[in-house]
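Engineer: So the sequence shown is residues 2 to 122, counted in the numbering used here. Would you mind keeping the following structure in view while I ask a few things?
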Amino acid sequence: MAKKEVSQAAEKVAAAEKKKEKKPANPNGNIFVRAGKAIKKFCKDIKGEIKKIVWPDAKTVLKSTAIVLLVVAICGLVIFGIDELLSLGLSELQDVAAKASAETTTTAANTGMISPNLFIG
């Protein structure tokens with residue numbers, strides 16, 4: 002029984018010594034070494050990805066450009082049309098408001114009421 006206690010105590014001491022041993026800060030090297038490796042890997046990956054790119058031929062580029070220009074022109078015309086309709090609607094609304102204001106002023110003047118235009122300076 003004493004041998005078990007001694008071996009357990011020895012194991013505890015050995016475990017404590019292992020904890021006290023200083024481990025290197027980073028087994029992969031300092032920050033500059035790791036950064037250099039990361040940059041090297043990144044550049045290697047970029048080179049591999051660039052090799053995978055398939056560039057379109059001139060005919061495809063021209064066709065795609067024409068489609069983009071056509072869609073932009075159509076969208077521009079739609080936005081222009083909506084803008085013109087809204088402008089027309091607002092001008093009609095202003096005309097209706099001006100006529101209503103003129104009728105109110107005329108009615109007030111005919112009934113002997115004070116015109117609101119007298120107070121506008």
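Beta carbons are placed, not taken as given, at the ideal position from N, Cα and C, and that holds for glycine.
1) Hey, how far is the Cα of residue 105 from the Cα of residue 77?
2) Fully enclosed by the region 29-85, which alpha helix (DSSP H) runs are 4 residues long or longer?
3) Taking the straight line between their C-alpha atoms, what separation do you get for residue 1 and residue 32?
4) Going by beta carbon distance, what residues of the same chain come within less than 8 Å of residue 49, once the five residues before and after it are set aside?
5) Measure the alpha-carbon distance for residue 56 versus residue 62 and round it to whole angstroms.
Structural biologist: To lay it out plainly:
1) 42 Å
2) If one requires a minimum length of 4 residues, the alpha helix (DSSP H) runs lying completely within the region 29-85 are 32-52, in chain order.
3) Nothing in the structure corresponds to residue 1, since the chain is present only between 2 and 122.
4) Once the five neighbours on either side are set aside, residue 49 has no close Cβ partner at all.
5) 10 Å
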